[in-house]
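In this note's numbering, the protein residues as written are 8 to 272.
No residue lacks a Cβ here, since even glycine has one placed at the ideal position from N, Cα and C.
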């Protein structure tokens, strides 16, 4: 078996199932260590090693804890372990030192787009490029138009009937029931619910949501018209506007021009 094949196979499986994990890689050793530079291992969200190898019991516990930290903050962590010390709660020291890089691979947020037409196609394509797990709900005759989507749902199901809960929902069907769909999504706790609509239509939906028990705090999750003000005209520009708002939401940005933004040095 090629070196690390089991690691890469497990990584592919976890990505396919949209499961968070972390990859640990030995980057440096000094003295005696069972792990060697380049050794890799895959760890699950609980810090348990599920494939590969970076060292024996001397490092397993510490790497597992580092994995949980990395998955919590989404940042790579470098951990240096002195195997000569007696602070590892082990009766037999391993000797040497080892440095391991832990890289989190978090599950992709789910973007559900409902509707037909060119706008939905471009949203699917851009969303996939931005590492969203794109799910498109569209009529069966439109399914082939979405090769970039991870999943295409052709059944006429309400959002509360789907076997998933999206992180981001874009209603682009211009359907009379957009108000009801938005209400159901907000009650399900979807963090971002957007409707492609005119300003007048957006105000009417907001009025409907308020009348049906949605408070002002939950209305912060609702966006209509969808997107940022880019003066967008074409389906491609409108899709860019919507995805820009979604990325803004995901990353906690300000939406200001970079030359005016702070904290980006």
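Along the chain, where does the alpha helix (DSSP H) that runs through residue i open and close?
i	result
residue 225	223-226
residue 85	Premise fails: residue 85 lies in the beta strand (DSSP E), 84-89, not in any alpha helix (DSSP H).
residue 246	242-258
residue 191	185-195
residue 267	Where residue 267 is concerned, there is no enclosing alpha helix (DSSP H), given that its DSSP letter is neither H nor E.
Regarding residue i and the ligand NAD, is the C-beta to nearest heavy atom distance less than 7 Å?
i	result
residue 72	By its list of ligands, the structure shown contains no ligand whatsoever, and the ligand NAD lies outside what it can speak to.
Does the Cβ-Cβ distance between residue i and residue j come in under 8 Å?
i	j	result
residue 44	residue 34	yes
residue 2	residue 262	Any answer about residue 2 is impossible in this case: the structure gives the chain only from 8 up to 272.
residue 233	residue 201	yes
residue 14	residue 37	no
residue 180	residue 269	no
residue 145	residue 127	yes
residue 109	residue 242	no
Helix, strand or coil for residue i? Go by DSSP, reduced to three states.
i	result
residue 162	coil
residue 203	coil
residue 139	coil
residue 94	Low local confidence applies: a pLDDT of 47 at residue 94 is under 50, so the model's placement there is unreliable, with the coordinate-based value given in what follows. Looking at residue 94 - three-state DSSP - the assignment turns out to be coil, as it is neither helix nor strand.
residue 214	helix
residue 99	Because residue 99 carries a pLDDT of 44, less than 50, the predicted location of this residue cannot be relied on, and the following value inherits that uncertainty. Looking at residue 99 - three-state DSSP - the assignment turns out to be coil, as it is neither helix nor strand.
residue 176	strand
residue 134	helix
Can you tell which of the options has its C-alpha closest to the C-alpha of residue i?
i	options	result
residue 87	243, 32, 192	32
residue 199	150, 250, 208, 28	250
residue 136	148, 156, 147	156
For the beta strand (DSSP E) that contains residue i, what are its first and last residues?
i	result
residue 170	Taken as a continuous stretch (DSSP letters only), residue 170 belongs to no beta strand (DSSP E), as it is neither H nor E.
residue 112	104-112
residue 29	28-37
(request) Kindly provide the ranges of any alpha helix (DSSP H) runs that are 4 or more residues long and lie completely inside the stretch 54-88, ordered along the chain. (result) The qualifying runs are 64-80.
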